[in-house]
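Presented below is the structure to which this report refers.
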Amino acid sequence: MIERKFVAEKMKEFLVNQYLLKELGPGKFSSFEIRRTPLGERIIIYTARPGLIVGKGGENIKDLTRVLKMRFKMENPQIEVAEILSPNLDAQNMAEQIVNVLERFGPKRFKSVGYKTLQKIIDAGAMGSEIVISGRGLPGARAKSWRFYAGYLKKSGDISMSKVAYGEAKANLNSGTVGIKVRILPPGTILPDKIKIKDLSKETFVVEEVKAAVVKEEIKEEKKVAKKKTAKKKTTTKKVKEEKKENESKE
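Last residue of the sequence shown: 260 (this note's numbering), numbering continuous.
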(Lines of atoms letter the chains of each structure in order from A; the text may use other names.)
(Lines give C-alpha, C1' and ligand atoms only; values in the text may rest on other atoms or scores of the structure.)
Protein backbone atom coordinates (compact mmCIF):
# COMPACT_ATOMS: atom_id res chain seq x y z
CA MET A 10 0.00 0.00 0.00
CA ILE A 11 1.25 3.47 -0.90
CA GLU A 12 -0.24 4.98 2.27
CA ARG A 13 1.77 2.66 4.50
CA LYS A 14 4.93 3.57 2.62
CA PHE A 15 4.35 7.27 3.22
CA VAL A 16 3.61 6.68 6.90
CA ALA A 17 6.79 4.59 7.27
CA GLU A 18 8.89 7.31 5.64
CA LYS A 19 7.44 9.99 7.92
CA MET A 20 8.07 7.80 10.98
CA LYS A 21 11.67 7.35 9.88
CA GLU A 22 12.07 11.12 9.49
CA PHE A 23 10.65 11.66 12.99
CA LEU A 24 13.02 9.11 14.53
CA VAL A 25 16.00 10.63 12.71
CA ASN A 26 14.98 14.06 13.99
CA GLN A 27 14.80 12.79 17.58
CA TYR A 28 18.17 11.09 17.24
CA LEU A 29 19.86 14.21 15.85
CA LEU A 30 18.41 16.36 18.63
CA LYS A 31 19.70 13.95 21.25
CA GLU A 32 23.09 13.31 19.64
CA LEU A 33 24.04 16.82 18.55
CA GLY A 34 22.64 18.55 21.61
CA PRO A 35 20.56 21.71 22.06
CA GLY A 36 21.61 24.87 20.30
CA LYS A 37 23.57 23.09 17.56
CA PHE A 38 20.86 21.50 15.45
CA SER A 39 17.98 23.50 13.97
CA SER A 40 16.30 21.29 11.36
CA PHE A 41 17.07 18.74 8.67
CA GLU A 42 15.78 17.68 5.26
CA ILE A 43 15.85 14.31 3.48
CA ARG A 44 16.07 14.31 -0.31
CA ARG A 45 15.90 10.97 -2.04
CA THR A 46 18.15 10.60 -5.09
CA PRO A 47 19.08 7.63 -7.32
CA LEU A 48 22.42 7.38 -5.47
CA GLY A 49 20.80 7.28 -2.02
CA GLU A 50 19.42 9.56 0.70
CA ARG A 51 20.78 13.09 0.83
CA ILE A 52 20.44 14.53 4.34
CA ILE A 53 20.88 18.29 4.78
CA ILE A 54 21.39 19.51 8.35
CA TYR A 55 20.68 23.20 8.96
CA THR A 56 22.57 24.80 11.83
CA ALA A 57 23.92 28.15 12.98
CA ARG A 58 27.28 26.60 13.96
CA PRO A 59 28.37 24.11 11.29
CA GLY A 60 31.86 23.63 12.74
CA LEU A 61 30.50 21.93 15.87
CA ILE A 62 28.51 19.42 13.82
CA VAL A 63 31.30 18.55 11.38
CA GLY A 64 33.93 18.06 14.09
CA LYS A 65 37.68 17.57 13.64
CA GLY A 66 38.36 16.07 10.25
CA GLY A 67 34.68 15.28 9.78
CA GLU A 68 34.56 12.69 12.60
CA ASN A 69 31.01 13.56 13.62
CA ILE A 70 29.78 13.22 10.03
CA LYS A 71 31.37 9.77 9.73
CA ASP A 72 29.76 8.63 12.99
CA LEU A 73 26.35 9.92 11.88
CA THR A 74 26.54 8.13 8.52
CA ARG A 75 27.48 4.89 10.27
CA VAL A 76 24.51 5.15 12.65
CA LEU A 77 22.10 6.03 9.83
CA LYS A 78 23.19 2.93 7.91
CA MET A 79 23.02 0.50 10.82
CA ARG A 80 20.13 1.84 12.89
CA PHE A 81 17.81 3.43 10.32
CA LYS A 82 18.57 1.06 7.42
CA MET A 83 19.66 3.73 4.94
CA GLU A 84 21.63 2.37 1.99
CA ASN A 85 23.90 5.29 1.11
CA PRO A 86 23.26 8.36 3.31
CA GLN A 87 25.11 11.50 2.24
CA ILE A 88 25.18 14.15 4.97
CA GLU A 89 25.57 17.84 4.14
CA VAL A 90 25.79 20.68 6.66
CA ALA A 91 24.18 23.99 5.64
CA GLU A 92 24.73 27.17 7.62
CA ILE A 93 21.75 29.33 8.55
CA LEU A 94 22.42 32.78 7.11
CA SER A 95 20.12 34.64 9.54
CA PRO A 96 20.02 32.80 12.90
CA ASN A 97 17.67 35.37 14.44
CA LEU A 98 14.97 34.35 11.94
CA ASP A 99 15.23 30.63 12.76
CA ALA A 100 12.51 29.68 15.26
CA GLN A 101 14.25 26.59 16.66
CA ASN A 102 17.51 28.47 17.16
CA MET A 103 15.79 31.27 19.09
CA ALA A 104 13.93 28.77 21.27
CA GLU A 105 17.23 27.06 22.13
CA GLN A 106 18.75 30.44 23.00
CA ILE A 107 15.97 31.09 25.51
CA VAL A 108 16.54 27.63 27.01
CA ASN A 109 20.26 28.30 27.44
CA VAL A 110 19.62 31.62 29.20
CA LEU A 111 17.01 30.14 31.55
CA GLU A 112 19.20 27.17 32.47
CA ARG A 113 22.21 29.39 33.15
CA PHE A 114 20.63 32.32 35.01
CA GLY A 115 17.31 30.90 36.23
CA PRO A 116 13.69 31.83 35.48
CA LYS A 117 13.47 35.02 37.56
CA ARG A 118 14.12 37.33 34.62
CA PHE A 119 12.18 35.34 32.04
CA LYS A 120 10.16 38.41 30.99
CA SER A 121 13.22 40.40 30.01
CA VAL A 122 14.57 37.33 28.18
CA GLY A 123 11.32 37.02 26.23
CA TYR A 124 11.18 40.69 25.27
CA LYS A 125 14.86 40.83 24.28
CA THR A 126 14.52 37.73 22.11
CA LEU A 127 11.39 39.15 20.49
CA GLN A 128 13.21 42.42 19.76
CA LYS A 129 16.08 40.50 18.11
CA ILE A 130 13.63 38.71 15.83
CA ILE A 131 11.84 41.92 14.80
CA ASP A 132 15.15 43.76 14.24
CA ALA A 133 16.23 40.93 11.92
CA GLY A 134 13.34 41.86 9.61
CA ALA A 135 10.56 39.45 10.59
CA MET A 136 7.01 40.51 9.73
CA GLY A 137 5.74 39.13 13.03
CA SER A 138 6.65 36.81 15.89
CA GLU A 139 5.20 35.14 18.96
CA ILE A 140 7.00 33.63 21.96
CA VAL A 141 5.14 31.57 24.56
CA ILE A 142 6.92 30.63 27.82
CA SER A 143 4.93 28.34 30.13
CA GLY A 144 5.33 25.71 32.84
CA ARG A 145 5.75 25.04 36.55
CA GLY A 146 9.29 26.34 36.48
CA LEU A 147 8.19 29.97 36.23
CA PRO A 148 7.95 32.06 39.41
CA GLY A 149 4.53 31.80 41.07
CA ALA A 150 2.31 29.39 42.94
CA ARG A 151 0.67 28.03 39.79
CA ALA A 152 1.81 27.07 36.35
CA LYS A 153 1.53 30.12 34.14
CA SER A 154 1.83 30.92 30.47
CA TRP A 155 3.30 34.20 29.23
CA ARG A 156 2.90 35.38 25.64
CA PHE A 157 5.21 37.88 23.94
CA TYR A 158 3.90 39.15 20.62
CA ALA A 159 4.91 41.72 17.99
CA GLY A 160 4.09 42.44 14.36
CA TYR A 161 1.70 40.48 12.15
CA LEU A 162 1.36 36.70 12.46
CA LYS A 163 -1.04 34.26 10.82
CA LYS A 164 -2.48 31.60 13.14
CA SER A 165 -4.62 29.65 10.65
CA GLY A 166 -4.78 28.73 6.98
CA ASP A 167 -2.12 27.69 4.50
CA ILE A 168 0.22 30.57 5.46
CA SER A 169 0.44 29.35 9.07
CA MET A 170 1.23 25.81 7.92
CA SER A 171 3.70 26.48 5.11
CA LYS A 172 5.26 29.91 5.74
CA VAL A 173 5.36 30.45 9.52
CA ALA A 174 8.54 29.01 11.09
CA TYR A 175 7.91 27.08 14.31
CA GLY A 176 10.30 25.91 17.01
CA GLU A 177 9.93 24.50 20.50
CA ALA A 178 12.28 23.52 23.31
CA LYS A 179 12.23 22.57 27.00
CA ALA A 180 14.29 23.95 29.86
CA ASN A 181 14.75 21.62 32.84
CA LEU A 182 15.14 23.87 35.90
CA ASN A 183 15.29 23.17 39.62
CA SER A 184 11.82 24.65 40.07
CA GLY A 185 10.33 22.59 37.24
CA THR A 186 10.13 22.27 33.48
CA VAL A 187 9.58 25.31 31.27
CA GLY A 188 8.37 25.00 27.68
CA ILE A 189 9.23 27.54 24.99
CA LYS A 190 7.36 27.93 21.69
CA VAL A 191 8.50 30.37 19.01
CA ARG A 192 6.67 31.33 15.81
CA ILE A 193 8.17 33.65 13.18
CA LEU A 194 6.70 35.04 9.96
CA PRO A 195 9.75 35.58 7.69
CA PRO A 196 10.26 38.83 5.78
CA GLY A 197 8.99 39.01 2.21
CA THR A 198 6.09 36.61 2.76
CA ILE A 199 3.27 37.34 0.30
CA LEU A 200 -0.03 37.30 2.18
CA PRO A 201 -3.27 36.40 0.35
CA ASP A 202 -5.29 39.16 2.05
CA LYS A 203 -2.92 41.91 0.93
CA ILE A 204 -4.43 43.83 -2.00
CA LYS A 205 -2.47 46.25 -4.19
CA ILE A 206 -4.38 49.05 -5.95
CA LYS A 207 -2.76 50.35 -9.12
CA ASP A 208 -2.45 54.10 -9.54
CA LEU A 209 -3.83 54.76 -13.03
CA SER A 210 -3.48 58.56 -12.96
CA LYS A 211 0.14 58.48 -14.13
CA GLU A 212 -0.63 56.06 -16.93
CA THR A 213 -3.52 58.19 -18.28
CA PHE A 214 -1.34 61.28 -18.08
CA VAL A 215 1.34 59.61 -20.16
CA VAL A 216 -1.24 58.52 -22.72
CA GLU A 217 -2.57 62.09 -23.01
CA GLU A 218 0.93 63.43 -23.59
CA VAL A 219 1.49 60.89 -26.34
CA LYS A 220 -1.83 61.82 -27.98
CA ALA A 221 -1.01 65.52 -27.84
CA ALA A 222 2.38 64.89 -29.42
CA VAL A 223 0.75 62.84 -32.18
CA VAL A 224 -1.80 65.62 -32.87
CA LYS A 225 0.99 68.21 -33.11
CA GLU A 226 2.90 66.04 -35.57
CA GLU A 227 -0.25 65.58 -37.68
CA ILE A 228 -0.85 69.35 -37.75
CA LYS A 229 2.74 69.95 -38.86
CA GLU A 230 2.39 67.38 -41.64
CA GLU A 231 -0.88 68.98 -42.81
CA LYS A 232 0.79 72.41 -42.92
CA LYS A 233 3.67 70.99 -44.98
CA VAL A 234 1.21 69.40 -47.44
CA ALA A 235 -0.73 72.69 -47.72
CA LYS A 236 2.49 74.63 -48.40
CA LYS A 237 3.46 72.16 -51.11
CA LYS A 238 0.03 72.54 -52.75
CA THR A 239 0.23 76.36 -52.73
CA ALA A 240 3.73 76.21 -54.18
CA LYS A 241 2.51 73.95 -56.99
CA LYS A 242 -0.39 76.34 -57.74
CA LYS A 243 1.98 79.31 -57.96
CA THR A 244 4.29 77.48 -60.33
CA THR A 245 1.36 76.47 -62.57
CA THR A 246 0.00 80.06 -62.69
CA LYS A 247 3.45 81.38 -63.62
CA LYS A 248 3.75 78.85 -66.42
CA VAL A 249 0.31 79.79 -67.80
CA LYS A 250 1.19 83.50 -67.82
CA GLU A 251 4.50 82.86 -69.56
CA GLU A 252 2.77 80.74 -72.23
CA LYS A 253 0.20 83.52 -72.88
CA LYS A 254 2.98 86.08 -73.30
CA GLU A 255 4.82 83.85 -75.75
CA ASN A 256 1.66 83.32 -77.80
CA GLU A 257 0.94 87.07 -77.93
CA SER A 258 4.50 87.84 -79.01
CA LYS A 259 4.27 85.31 -81.82
CA GLU A 260 1.06 86.83 -83.12
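Beta carbons: idealized from backbone N, C-alpha and C, even for Gly.
Small disclaimer: the values here were computed from a predicted structure and weren't measured.
Could you check whether residue j and residue i sit closer than 9 Å to each other, using their CB atoms as the reference points?
i	j	result
PRO96	ALA135	no
VAL76	ILE53	no
TRP155	VAL173	no
PRO148	PHE119	yes
ILE193	LEU61	no
GLU12	ILE43	no
LEU182	GLU112	yes
GLY176	ALA159	no
SER51	ARG58	In the sequence as presented, Ser is not what sits at residue 51; that position holds Arg. In this structure, ARG58 does not lie closer than 9 Å to ARG51 by Cβ.
ALA17	ILE107	no
GLY123	VAL187	no
SER40	TYR55	yes
PHE157	LEU127	yes
VAL191	GLN101	yes
LEU30	PHE38	yes
ALA178	ILE189	yes
SER184	PRO116	yes
ILE88	ILE70	yes
SER165	LYS153	no
For residue i, report the span of its alpha helix (DSSP H) as first-last.
i	result
ILE168	167 to 171
GLU32	11 to 33
ARG75	68 to 79
ALA104	100 to 114
LEU127	119 to 132
Is any beta-carbon of chain B found at less than 9 Å from that of residue i?
i	result
ARG13	The chain labelled as chain B is not found in the depicted structure, where only one protein chain is given.
Which residues does DSSP pair with residue i in a beta bridge?
i	result
SER143	SER154 and GLY188
GLY149	Answer by DSSP bridge pairing: none, since GLY149 is not bridged.
GLY137	GLY160 and LEU194
What residue range does the beta strand (DSSP E) around residue i cover?
i	result
LYS179	174 to 181
ALA91	87 to 92
**OP:** Would you be able to state if there are at least three C-beta pairs under 8 Å between the region 67 to 76 and the region 123 to 137?
**Re:** They do not touch, by the three-pair rule.
Subject >> Secondary structure, beta strand (DSSP E): runs of 3+ residues fully inside the region 33 to 63 >> reply: 40 to 46 and 49 to 56, all fully within the region 33 to 63.
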